[in-house]
Ligand code: PA5
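Below is the structure:
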C-alpha cells in the first residue's frame, strides 16, 4: 500500500481540524465594519471548495449573495461593499493573488485565509486581516481550515448567527463517522471501502442536489480526480433531469462502466426526492450502477460534512485499490511550475 504523504491520516484529522480552525478564526482580526452587499470567495481547487461550502452554508441564512470566483479577475459588482475572502492554502496561487490585488484596488473589505506565501505577505504589508492556518498537508486535506474560518468570520461580523453550535454538532457527527470508515474497520462494515470497491474499474459519476449537497458532489469529484487519479463527473438535481439523464440512452455496452453515487439529504426538496427515486430506476434499467450516501445531522455543516467525509476516505481507498499513491498531484505541480517560468 503506497500512501507517501499519509493522506489517510491527514483525512482522518478532519474533526480535530474543524475544532482548531474554529479557534484560529475566533482569534483573528476582523475586516473593518461596514455595510456588506455581497460576499466573494476567491480561490482555486482544494481552496475554492471551502468557498463552495460557505456558499451552501450561507444560502439559507445570509441576506446577501455569496459567490465563489475561481479566476484571475473579479466580476464588475465587486466594490467597497464587497467582503472578499481570499483563500489559498499555499498562499502562492497566481489566480487568487491576482483576484486579491484587484479587490484591494476596488476598495473591498478583505480577509485572507492561508498558511503563508505571497498572500500572507501581501496581507501583512497592506494591513489586511488574515487567518493563518497550519501548513504541511495537501490543500484538499485541509477543508476544515479552508471552510470553517469563513463561517466563524461571518458569524463574528454579525452576518449570520448560531455558527458555533452548528460547528460543534459537525465535530460530533464527524467523529462518529470516522469510527465507521477509518482504515481499521473491515470492508463488511466500512461504507467508504464498499464505495471504493463499487467505483473501481468504473467511471464515477457523483450526483447531489442544488442547495443541499451541491458542494459535496463537487468535492467527491475533485477528491476522486486528485487522490485516485481517475476521471470523475458530477452534477445536481433537478438540472441533470433536464439533460444528463438523456445520455443514459447511450449504447448498452457503455453504461455498465458508469458508477453513480447519489448524495441524499433530508432537506432535499420533496420533488427532488421523487426525482431521485425515478432517476435511480431509469439508470439501473439502463445498466449503470448506483449507490447512495445519506447525510446525517441537523445543521448544514454537519449534513454536508457527513456527505463529504465518506467520499474523502473512499477516494483514498480507491487509489490504494488501484495501487496509486493518493498524495502527489504531479500534473498540478508541473502546471504551476511551467507557468511560473
Ligand atoms: O489540491 C490541490 O493541490 C489543488 O487543487 C490546489 O488546492 C490548487 O491548485 C490551489 O492551490 P492553493 O490551495 O495552494 O491555493
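In the working numbering, the protein residues as written are 6 to 346.
The C-beta atom is built at its ideal place from N, Cα and C for all residues, glycine as well.
A quick note: this is a predicted structure, and the numbers were derived from the prediction, not measured.
Tell me which residue opens and which closes the alpha helix (DSSP H) that residue i is part of.
i, result
"residue 203", "196-204"
"residue 110", "99-110"
"residue 311", "305-326"
"residue 154", "148-161"
"residue 69", "Per DSSP, residue 69 belongs to no alpha helix (DSSP H) and is neither H nor E."
"residue 280", "275-291"
"residue 336", "335-345"
"residue 263", "From DSSP, residue 263 is part of no alpha helix (DSSP H) but of the beta strand (DSSP E) over 263-269."
"residue 232", "219-233"
"residue 83", "Segment: none, residue 83 is in no alpha helix (DSSP H) and carries neither H nor E."
"residue 128", "122-130"
"residue 54", "50-64"
"residue 23", "19-32"
Could you check where the beta strand (DSSP E) with residue i kicks off and where it finishes?
i, result
"residue 93", "87-93"
"residue 209", "208-214"
"residue 114", "114-119"
"residue 297", "294-299"
"residue 238", "238-242"
"residue 168", "Looking at the DSSP string, residue 168 is not in any beta strand (DSSP E); the run it does join, the alpha helix (DSSP H), is 168-186."
"residue 137", "135-137"
"residue 43", "43-47"
Report whether the distance from the Cβ of residue i to the nearest heavy atom of the ligand PA5 is below 8 Å.
i, result
"residue 231", "yes"
"residue 73", "no"
"residue 30", "no"
"residue 236", "no"
"residue 144", "yes"
"residue 272", "no"
"residue 337", "yes"
"residue 49", "yes"
"residue 246", "no"
"residue 197", "no"
"residue 11", "no"
"residue 95", "yes"
"residue 83", "no"
"residue 227", "yes"
"residue 92", "yes"
"residue 173", "no"
"residue 320", "no"
"residue 103", "no"
"residue 114", "no"
"residue 341", "yes"
"residue 148", "no"
"residue 98", "yes"
Between the options, which has its C-alpha nearest residue i's C-alpha?
i, options, result
"residue 141", "114, 181 and 94", "94"
"residue 300", "113, 319, 271 and 41", "271"
"residue 145", "259, 232 and 109", "232"
"residue 34", "49, 132, 86 and 281", "132"
"residue 276", "309, 203 and 244", "244"
"residue 124", "169, 69, 90 and 202", "90"
"residue 25", "152, 247, 43 and 69", "152"
"residue 344", "100, 189, 279 and 121", "100"
"residue 259", "284, 288, 223 and 45", "288"
"residue 214", "18, 268, 79 and 284", "268"
"residue 202", "230, 264, 179 and 241", "264"
"residue 253", "295, 44 and 114", "295"
"residue 322", "284, 204 and 223", "204"
"residue 10", "341, 340, 262 and 324", "324"
Mind checking whether residue i and residue j have CB atoms under 9 Å apart?
i, j, result
"residue 304", "residue 257", "no"
"residue 20", "residue 176", "yes"
"residue 266", "residue 286", "no"
"residue 225", "residue 316", "yes"
"residue 156", "residue 136", "no"
"residue 104", "residue 143", "no"
"residue 13", "residue 150", "no"
"residue 87", "residue 49", "no"
"residue 314", "residue 198", "no"
"residue 139", "residue 117", "no"
"residue 246", "residue 211", "no"
Here's the rule I'm using: 16 or more other beta-carbon atoms within 10 Å means buried, otherwise exposed. How should residue i be labelled?
i, result
"residue 228", "buried"
"residue 195", "buried"
"residue 119", "buried"
"residue 235", "buried"
"residue 36", "buried"
"residue 51", "buried"
"residue 255", "exposed"
"residue 22", "buried"
"residue 166", "exposed"
"residue 346", "exposed"
"residue 112", "exposed"
"residue 310", "buried"
"residue 53", "buried"
"residue 57", "buried"
"residue 65", "exposed"
Does any residue of chain D have a CB that is nearer than 9 Å to the CB of residue i?
i, result
"residue 296", "Checking the listed chains, one finds no chain D in this structure; it contains a single protein chain."
Quick check: does the Cβ of residue i come within less than 8 Å of any heavy atom belonging to the ligand HEM?
i, result
"residue 334", "In the structure shown, the ligand HEM is absent; the only ligands present are the ligand PA5."
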